[in-house]
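Counting from 1 along the sequence shown, just add 4 to a position and that's the residue number in our numbering.
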Amino acid sequence: MTNVAVTLEIVATEFGSPDVLKAVPTKSRSPGRGEVTIQVRAVGVNHTDYKRYADPSYTVSSGHTPTFPLRLGVEAAGVVTAVGAQAMGPASPIVTGDEAIAYRITGAYADTIMLYAN
């Protein structure tokens with residue numbers, strides 16, 4: 005059975021000002037093979053996020069118009085709280101308590117994120 009917990013993430017609910025940003029509960033799970041869970045301590049506030057929800061004419065690099073709710077945040081830093089099997093860092097296996105950074109991701113505006121380690 006997969007362990008499911010609730011995390012909060014910030015999403016844009018429509019195009020507009022920062023008033024369209026909402027904290028929403030999201031189910032999370034235990035990390036799978038090669039994945040880690042990071043308790044977010046800091047996120048980058050990036051102009052790209054603002055443009056994605058504030059400007060309907062702006063498109064992401066893939067050329068697609070955003071769909072809502074739109075997960076925001078492309079970089080984060082925090083502490084590893086759970087590690088899936090065979091999750092490797094650049095020099096050694098990742099362990100709980102390691103400090104970590106994540107970039108070029110989607111959904112960093114959250115209290116917890118899960119992503120592939122490599």
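From the three backbone atoms N, C-alpha and C, an ideal C-beta is built for every residue, glycine too.
Nothing here was measured: the structure is a model prediction, and the numbers come from that model.
If only uninterrupted beta strand (DSSP E) runs of at least 3 residues are considered, those enclosed by the stretch 52-101 are 79-87. For proline 35, no beta strand (DSSP E) segment is defined, and its DSSP state is neither H nor E.
Under the 10 Å beta carbon count, tyrosine 107 is surrounded by fewer than 16 other beta carbons and is classified as exposed.
Distance from alanine 86 to serine 21 at the Cβ level is roughly 36 Å; contact not present, criterion being Cβ atoms closer than 8 Å.
In the displayed model, valine 24 falls within a helix according to three-state DSSP. Taking the C-beta atoms as reference points, valine 10 is found no nearer than 9 Å to threonine 41.
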